[in-house]
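Just so you know, the sequence shown maps onto residues 1 to 278 in full-length UniProt numbering. A short write-up of the structure that comes next.
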Amino acid sequence: MEKFTLELLFQIIGIGSASGLIHKDDSLFIISDNSSFLYEYSIKEKELHKIKLFENSQENIPKKDKFDFESITQKGNKLYLFGSGSTPNRNKRVSYDLTSKAIEEKDLSTIYEKLKQTASISDDDLNLEGALFHNEKWHLFQRGNGAQSKNGIFVLDKEGNDIHFAPIPLPKIQNIEATFTDAILVEDKIYFLAAVENTTSTYDDGEVLGSFIGALSLDTFELTFSQKISETHKFEGLTLFSTSKEKIEFLLCEDKDTEDLETAIYKLTLDLKSKSIR
């Protein structure tokens, strides 16, 4: 078996510009960066359900108006969706209770401003594209695809008062550094996706040069493994599918930066017996 295998698992009609996903039981919860719905896809039944996050939820929202939900994570019995923070109207966090179906919205503008001050990031360069919760701390993953090229992890308490920023160097393609597009916690490792785009803008898309899977130490954030998995795809969503002593399987989604309401779900398998992955 090779170090990794990547295969198209299935396609979902009705979702475009997928930017994050959570695998739970027999469902995939999926977000789109140009939509204000949360989507639930039943894998067995092959049925898609839309969950309205706002009274006037829409699909294919114009770029200047969209909430730009780029991160989704589970904390307890709730799913949390984070706006990227790359423009003033992208500063929302929405939670969805998996049992009661209750939806709560919070404005994170003040906290996002603190993030920028902590890391000396300009208004144009904040771009959060991954989130996880561990040890009573939020970990927010900054995609350094702006002019300042600051990849890193913000670690902050639940109130956003105690904030630290850890810069994270990532591999390069054609001398352009990869930038975070998602991250999840699996046992004592942070697995992440990173993409290389030929752009210095958090707003405008660039030519896609490839995507990586990698791992960081949970304690030190040291890069312990990285592997280029595609030269053409910009993978933006990562969730655990299954794990064993021999292998770990993830599901990935891709943002094609189009208005087509169709999303491809890929399965990525890593061989844990490979020395380069352990």
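Even glycine gets a Cβ: it sits at the ideal position worked out from N, Cα and C.
Q. Which ranges does the alpha helix (DSSP H) cover as unbroken runs of at least 4 residues, wholly within the region 106-142, from first to last along the chain?
A. 109-119
Q | Rounded C-alpha distance that separates N56 from S36 | A | 8 Å
Q) Which residue from D271, I12, S217 and L193 puts its Cα closest to that of S71? A) L193
Q. Which full runs of the beta strand (DSSP E) of 3+ residues lie inside the region 135-180, going along the chain?
A. 137-142, 152-156 and 163-167
Q: Report the option in E177, K92 and L218 whose CA atom is closest to the CA atom of N198.
A: E177
Q. Can you name, in chain order, every residue of its own chain whose Cβ lies under 7 Å from the Cβ of D255, other than the five neighbours on each side?
A. S17, A18, S19, D33, K234 and E236
Q | Cβ-Cβ distance between A183 and F133 below 7 Å | A | no
Q. So what's N34 in DSSP terms, helix, strand or just coil?
A. coil
Q. First and last residue of the beta strand (DSSP E) that includes T269?
A. E262 to D271
Q | Neighbour-count burial assignment, D125, 16 or more Cβ in a 10 Å radius | A | buried
Q | E207 versus T232: straight-line alpha-carbon distance, rounded | A | 9 Å
Q. Assuming T269 and T5 make a contact with CB atoms under 8 Å, what is their CB distance in whole Å?
A. 5 Å
**Q.** Identity of the residue in E129, S230 and I30 nearest C253 by Cα
**A.** I30
Q: Could you tell me the boundaries of the beta strand (DSSP E) in which T224 lies?
A: L223 to S230
Q | Cβ-Cβ distance between G152 and P167 below 7 Å | A | yes
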